[in-house]
Amino acid sequence: MTPPSDPAPHGAPAAVPAPGDGRRQQGAGRLLAVSDLHAAVSGNRPIVESLNPTSDADWLIVAGDVAERPEDIRWTLGLLAERFAHVIWTPGNHELWTLAKDPVQLRGQARYDHLVELCRDLGVTTPEDPFPLWPGPDGPVAIAPLFLLYDYTFRAPGTHTKEESLAVAHESGIVCNDEYLLHPDPYPTRDDWCRARVAATARRLAEHDPEIPLVLAGHWPLVREPT
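Residue numbers for the sequence shown follow the working numbering, so the first one is 147 and each next one is one higher.
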């Protein structure tokens, strides 16, 4: 696939090619994961283009921050879907940004819904689809792509509320672009959207068959500590 024209950089290289000599092998595949491809950055595109399976049965989880514009997201996920047996996507914050020069000016839930349909057109699994079963060596494993956002409970040291933590960020001059570009429409705030996503996801997880192992895949950490 031909990449779209290169917009201004928004991130840094974060992916590496799959190990091996590039030749596909037959047999059981692997479950692989990558995130933060930031494919709108020209220097990252060769990295994206170098991502190849080493087996015809390899699956790939793409855990957010593919790019900002839908055309870049389509190019990236389309390329990977052509190569891997199954691709699973879950959004990061960058996919949900609405940039001033983006031809797609959808915001919040409407933007997410648009990206879900884009993925389905490519045959890519989203958080709105049934959990796919990866045929692991010890039996099937369900993959649950999560879209949860965040609720501002990971705060700056010494602060006790969202407002206090954001005030510290503004005083330091280091404020996440989400505050300006990630719109929660139709929810009043991003944390309200997060609570709705957590509730909906919890219901789906509660319905999952406990006899089938489950892999949770998402962009935002569930705990603050390194895992």
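C-beta atoms are modelled at their ideal positions from N, C-alpha and C, and glycine is treated no differently.
Near residue i, which residues of its chain fall below 8 Å by C-beta distance, leaving aside the five closest residues on each side in sequence?
i: Trp339; result: Gly254, Gln255, Leu295, Pro330 and Tyr333
i: Trp410; result: Coverage of the chain is limited to positions 147 through 373, which leaves residue 410 absent and any answer about it impossible.
i: Ala342; result: Tyr333
i: His232; result: Trp205, Leu206, Thr271, Pro278 and Trp280
i: Thr373; result: Pro367
i: Ala302; result: Glu310, Ser311, Val314 and Ala315
Check the C-beta distance from residue i over to residue j and give it rounded, since I have them as a contact under 8 Å.
i: Pro216; j: Leu261; result: 7 Å
i: Ala179; j: Thr222; result: About 15 Å separates the two Cβ atoms, so there is no contact after all.
i: Phe293; j: Pro367; result: Actually they do not touch by this definition, with Cβ atoms about 14 Å apart.
Near residue i, what residues of its chain come up, given a Cβ to Cβ distance below 7 Å and the 5 sequence neighbours on each side ignored?
i: Gly168; result: Because the pLDDT at Gly168 is just 43, under 50, the model does not fix this residue reliably, and the point stays unresolved.
i: His156; result: Unreliable positioning characterises His156 in this predicted model, as indicated by a pLDDT of 36, which lies under 50. The coordinate reading is nonetheless provided below. The answer, listed in chain order, is His184, Ala186, Val187, Glu214 and His240.
i: Thr305; result: Ser311 and Val314
i: Leu351; result: Ala290
i: Thr347; result: Leu292 and Leu294
i: Thr148; result: The predicted model places Thr148 with a pLDDT of 41, which falls under 50 and marks its position as unreliable; any figure quoted below should be read in that light. Here the set comprises nothing.
i: Arg257; result: Leu242 and Thr244
i: Val344; result: Leu294
So the candidates are the options; which of them puts its Cα closest to the Cα of residue i?
i: Arg336; options: Pro276, Asn239 and Phe230; result: Asn239
i: Phe230; options: Pro303, Leu351 and Glu195; result: Glu195
i: Arg349; options: Phe300, Thr307, Ala290 and Thr373; result: Ala290
i: Asp297; options: Leu312, Ala288 and Asp284; result: Leu312
i: Phe300; options: Asn190, Val369, Ala203 and Glu228; result: Val369
i: Gly269; options: Glu228, Leu245, Asp259 and Gly285; result: Glu228
i: Glu274; options: Asp267, Pro286, Ala345 and Asp259; result: Asp259
i: Asp284; options: Val344, Arg257 and Ile358; result: Ile358
i: Ala203; options: Gly189, Val344 and Gly282; result: Gly282
i: Asp356; options: Gly189, Pro286, Ile193 and Ala345; result: Residue 356 is actually Pro in this sequence, not Asp. The option with the nearest alpha carbon to Pro356 is Pro286.
Can you name, in chain order, every residue of its own chain whose Cβ lies under 6 Å from the Cβ of residue i, other than the five neighbours on each side?
i: Ile207; result: Ala179, Ile234 and Ala363
i: Val250; result: Pro216
i: Lys308; result: Tyr298
i: Glu371; result: none
i: Ile320; result: none
i: Arg266; result: none
Are residue i and residue j closer than 7 Å when you measure CB to CB?
i: Ser201; j: Gly224; result: no
i: Ala288; j: Leu226; result: no
i: His354; j: Ala209; result: no
i: Arg220; j: Leu264; result: yes
Could you check if residue i belongs to the surroundings of the ligand ATP, using beta carbon to heavy atom distance under 6 Å?
i: Ala203; result: Because no ligand of any kind appears in the structure shown, any question about the ligand ATP cannot be addressed here.
Can you list, in chain order, the stretches of the alpha helix (DSSP H) that have 4 or more residues and sit fully within the region 211-279?
Whole alpha helix (DSSP H) segments, 4+ residues: 216-229 and 254-268.
4 or more residues per run - each alpha helix (DSSP H) lying fully within the region 294-353:
DSSP assignment within the region 294-353 yields the following whole alpha helix (DSSP H) runs of 4 residues or more, N-terminal first: 308-318, 324-327 and 336-352.
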